[in-house]
Amino acid sequence: MAEIGWDDFTKVELRVGRIVAAEVFKEARKPAYKLQVDFGAEIGVKKSSAQITAHYTPEALLGRLVVAVVNFPPKQIGPMRSECLVTGFHDAAGQVLLCVPDGDVPLGTRLL
């Protein structure tokens with residue numbers, strides 16, 4: 077594992093957002109959802125693609141808080157332009173579980 081300095085870590089904007097829309101990403105090569113995540117007034121709503129279909133339905137995602145990287149450049153994923161990276165962990169079967177705050181946190185709060 078490569079070590080990074082504190083300055084490297086502080087460049088990554090990990091922020092709390094709330095999923096406000098989720099739908100099946102029909103055009104994706106691997107099963108995924110198109111998400112819209114609200115990061116509050118300062119950042120606004122950003123789009124993301126997430127391969128989290130094994131553990132979540134679109135309906136169950138609505139209103140959930142997530143942690144996402146908001147300062148990556150946009151990335152074209154098929155017909156969609158992803159604007160943030162929603163974070164998660166692989167379970168023992170290799171399926172993704174969301175990285176979430178343990179309580180209610182104001183939208184846009186930065187992880188430090």
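Note that the sequence shown covers residues 77 to 188 in my numbering. No residue lacks a Cβ here, since even glycine has one placed at the ideal position from N, Cα and C. The structure displayed is predicted, hence computed values, not measured ones.
Between the Cα of residue i and the Cα atoms of the options, which residue gives the shortest distance?
i, options, result
"V146", "Q152, S158, E99", "S158"
"G93", "V172, P155, G139", "G139"
"A130", "A104, A169, G81", "A169"
Which residues bound the alpha helix (DSSP H) around residue i?
i, result
"E135", "134-137"
"D83", "82-86"
According to DSSP, is residue i part of a helix, a strand, or is it coil?
i, result
"D167", "coil"
"V181", "coil"
Can you tell me where the beta strand (DSSP E) holding residue i begins and where it ends?
i, result
"D114", "109-114"
"R94", "90-100"
"M77", "No beta strand (DSSP E) contains M77, which DSSP labels as neither H nor E."
For residue i, which residues in the same chain have their Cβ closer than 6 Å to its Cβ, ignoring the five residues on either side in sequence?
i, result
"E103", "G154, P155"
Give me, in chain order, the residues of the same chain whose beta-carbon lies closer than 8 Å to that of residue i; leave out the 5 immediate sequence neighbours on both sides.
i, result
"K122", "G93, Q112, V113, F115, A144, V146, E159, C160"
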